[in-house]
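Numbering (the UniProt record's numbering), first residue to last: 1 to 718.
Cβ coordinates follow ideal geometry from the N, Cα and C atoms, glycine included.
Here it is, written out as structure tokens:
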């Protein structure tokens with residue numbers, strides 16, 4: 001899709017607005033024309049370079065990897081530029097000397113190298129978001145644009161030093177920023193780069209070292225901050241750049257699939273498309289069909305760290321050296337004593353997964369036996385092959401260190417009481433009995449962290465076989481290459497014998513480069529990741545935290561949540577909870593301004609949560625006015641929704657929360673309080689919220705459901 005040229009004017013402002021005065025827009029119009037030409041030129045250039053890169057020989061090893069990375073880089077850049085036109089530009093900063101800097105989603109220069117846009121993530125762009133009247137950071141003023149379908153439909157200026165300002169600013173009597181917050185919602189979250197506030201920007205640009213908690217109530221922009229922080233860190237922290245085959249990259253974990261669909265467009269709009277997004281259940285294939293535990297006692301037991309820790313003794317049970325034995329070989333009787341077995345079984349390096357360690361055991365055992373046979377160098381390979389095929393030896397190794405499946409190990413815990421008691425001695429007999437079930441592999445969501453720990457502890461049961469196949473394939477390729485080189489050298493009739501250069505050590509090393517060798521496809525969610533972002537983190541159990549910590553050894557996390565929205569309660573502080581599950585040096589940033597929810601809605605919602613949680617972090621709404629909360633009968637539901645759709649025929653979304661019998665339409669969705677978490681709607685209709693439950697869970701569900709409304713809230717009862 002080609003970038004369109006600049007229209008006659010980039011602005012589409014109502015004539016009645018004083019902002020439409022050409023004197024206020026002239027400088028911008030010229031700059032937008034330059035951006036438009038540069039965009040077209042850049043897209044043409046990238047298109048040509050991408051075609052050249054795709055046509056280039058693929059090569060092998062590092063050469064192939066570098067080519068693929070260049071194709072990926074050019075494709076990503078081209079896709080980002082084609083996603084936007086002039087609306088790459090977010091606004092501008094004005095300086096005392098009359099100069100301006102324009103801020104963009106991406107950086108852009110013209111053919112002469114003149115900067116047209118600076119990337120919003122660069123240090124130079126920070127004042128655009130962080131400047132305040134108390135600390136203008138060298139700015140005289142800044143201008144923010146609101147784009148609609150590629151044209152500017154509103155903008156506003158904020159002046160920090162009127163005496164130094166060259167020209168007339170377009171000031172609003174009522175903040176255009178506040179007005180923009182009430183804009184109609186769609187089925188996808190919008191990025192809000194042009195309206196990021198100073199407190200949010202400070203969190204976005206905070207260091208990625210260690211865990212950072214972003215704590216805030218409904219509407220404070222926690223999710224927006226998390227998404228923009230993800231894009232910023234990928235740009236600013238080179239350790240997080242994801243390269244195929246190496247650790248790095250960012251994992252973004254959300255509460256449920258509707259949430260992930262809702263935020264799916266934000267990161268690409270910020271120039272980042274390589275972030276992995278998932279729910280906790282997505283981390284394992286069994287999560288696709290897993291259901292919540294029906295028994296609260298069982299759910300609580302499986303949610304503890306101790307149950308995850310029970311996997312290690314469960315696997316060690318299967319790591320027992322065999323008894324001393326004698327085996328018959330072509331070279332006579334061979335005795336394998338207890339010390340031989342102990343030495344072989346101690347060979348795996350610490351942390352090696354159980355299944356993958358068996359190959360190291362075999363290698364050490366063969367070396368021990370070869371030494372016993374005093375095998376000579378030229379016969380060692382043949383003797384080793386024979387020993388590996390010895391039936392008695394193979395059976396002994398398999399008994400002492402069997403290949404295991406994670407599902408079998410965990411399933412045995414839920415079906416063999418004695419095994420469970422051995423692995424988790426802290427359990428009472430009643431608890432052991434409660435954890436047993438008829439179908440041990442009928443997986444629940446609470447089983448997933450335990451399965452995950454088992455999978456990590458065991459590794460791939462096909463590892464050894466696959467490694468041997470790969471080694472054989474590489475050896476065959478080397479042999480074929482050597483035969484070709486021998487043939488070329490033998491038939492080289494040139495005076496300088498050029499083909500003999502093929503035997504040079506440097507060339508041989510390059511040809512032997514295995515970096516581009518295609519092994520088995522790795523699990524994209526297995527990590528390790530350079531940084532993990534967790535939204536709605538207050539809902540994670542201790543066991544679920546272990547799943548995420550295992551995927552980010554650096555402990556570099558952005559943890560987003562609200563203790564007052566924890567359905568099962570959150571009596572601790574963030575620091576206490578996170579230190580208990582394995583973090584240290586926890587930093588906490590608090591957001592206390594509600595930008596989304598109208599004050600009238602918050603006035604109804606606040607008493608609901610404070611009745612259950614008096615110390616809840618209830619934010620202050622800055623959106624006053626608006627429609628009052630509607631109270632009525634369930635019988636009025638269809639009329640309320642129909643009237644709202646008639647009043648808003650083209651834009652906006654609505655949610656009916658609490659009535660599973662309502663069918664979804666493109667603009668009206670039926671949700672539960674739990675699946676509504678993290679979403680927002682112009683109209684929210686609650687059906688019998690008194691039936692959402694009792695205690696903390698019921699209060700939280702009502703509070704969450706009410707605060708999804710960005711426009712009108714209707715509370716209907718039977």
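Check	Outcome
Would you mind reading off the limits of the alpha helix (DSSP H) that contains residue 364?	354–372
Write down the C-beta distance between residue 539 and residue 567 rounded to the nearest angstrom, noting that I regard them as a contact closer than 8 Å.	6 Å
For residue 95, collect the residues of the same chain with a Cβ closer than 8 Å to its Cβ; drop the 5 residues on either side in sequence, then sort them by chain order.	101, 138, 139, 140
Measuring alpha carbon to alpha carbon, tell me which of 536, 610, 208 ends up nearest residue 279.	536
Counting along the chain, where does the alpha helix (DSSP H) carrying residue 341 start and finish?	338–345
Roughly how many angstroms separate the alpha carbons of residue 150 and residue 11, rounded to a whole number?	9 Å
Work out the CA separation of residue 641 and residue 210 for me, nearest whole Å.	46 Å
According to DSSP, is residue 101 part of a helix, a strand, or is it coil?	strand
Compute the distance between the beta-carbons of residue 545 and residue 581, then report whether it is under 8 Å.	yes
Let's test the definition: count the other Cβ atoms within 10 Å of the Cβ of residue 328 and tell me whether it reaches 16, buried, or not, exposed.	exposed
Pull up the distance between the alpha-carbon of residue 547 and that of residue 526, whole angstroms please.	10 Å
In chain order, what residues of the same chain have a beta carbon less than 6 Å from the beta carbon of residue 714, not counting five sequence neighbours either side?	630, 640, 685
Assign residue 109 to buried or exposed, taking buried as 16 or more other Cβ atoms, counted over all protein chains shown, within 10 Å of its Cβ.	exposed
Can you give, in chain order, each stretch of the alpha helix (DSSP H) that sits fully within the stretch 195–278 and has at least 4 residues?	198–204, 222–236, 257–263, 266–269
Rounded to whole angstroms, what's the CA-CA distance from residue 288 to residue 281? Just pull it up for me.	7 Å
Following the continuous alpha helix (DSSP H) through residue 642, name the residue where it begins and the one where it ends.	637–647
Apart from the five residues just before and just after residue 405, which ones in its own chain have a Cβ nearer than 8 Å to its Cβ?	458, 461
Report yes if the C-beta distance between residue 116 and residue 34 is below 8 Å; otherwise report no.	yes
Can you give the Cα-Cα distance for residue 248 and residue 623, rounded to whole angstroms?	40 Å
So who's on the other strand from residue 11, going by DSSP bridges?	152
Helix, strand or coil: how does DSSP classify residue 699 here?	helix
Looking at C-beta atoms only, is the number of pairs between the stretch 613–622 and the stretch 646–655 that lie closer than 8 Å three or more?	no
By Cβ distance below 7 Å, which residues in the same chain neighbour residue 399 in space, the five residues on each side in sequence not counted?	322
Just to confirm my understanding: we take residue 556, look at its own chain, exclude 5 residues before and 5 after, and list those with CB closer than 6 Å. What are they?	208, 531
Whose CA, out of 198, 26, 251, 89, lies closest to the CA of residue 551?	251
Please report the straight-line C-alpha distance between residue 665 and residue 711, rounded to a whole angstrom.	19 Å
Considering only DSSP beta bridges, list what residue 289 is partnered with.	Per DSSP, none; premise fails for residue 289.
Per DSSP, residue 109 forms a beta bridge with which residues?	115
How is residue 692 classed by DSSP in three states: helix, strand or coil?	helix
Which term fits residue 243, buried or exposed, when burial requires 16 or more other beta carbons within 10 angstroms of its beta carbon?	Reliability of the predicted coordinates at residue 243 is poor, the pLDDT of 44 falling under 50, and no value is obtained from them.
Using three-state DSSP, classify residue 94 as helix, strand or coil.	strand
If residue 341 sits next to residue 373, beta carbons under 8 Å apart, how far is it from one beta carbon to the other, in whole angstroms?	Not confirmed; about 17 Å, so no contact.
DSSP three-state call for residue 121: helix, strand or coil?	coil
Looking at the structure shown, is residue 70 part of a helix, part of a strand, or coil, going by DSSP?	helix
What do you reckon, are the CB atoms on residue 194 and residue 262 nearer than 8 Å?	no
What three-state label does DSSP hand residue 632 in the structure shown?	strand
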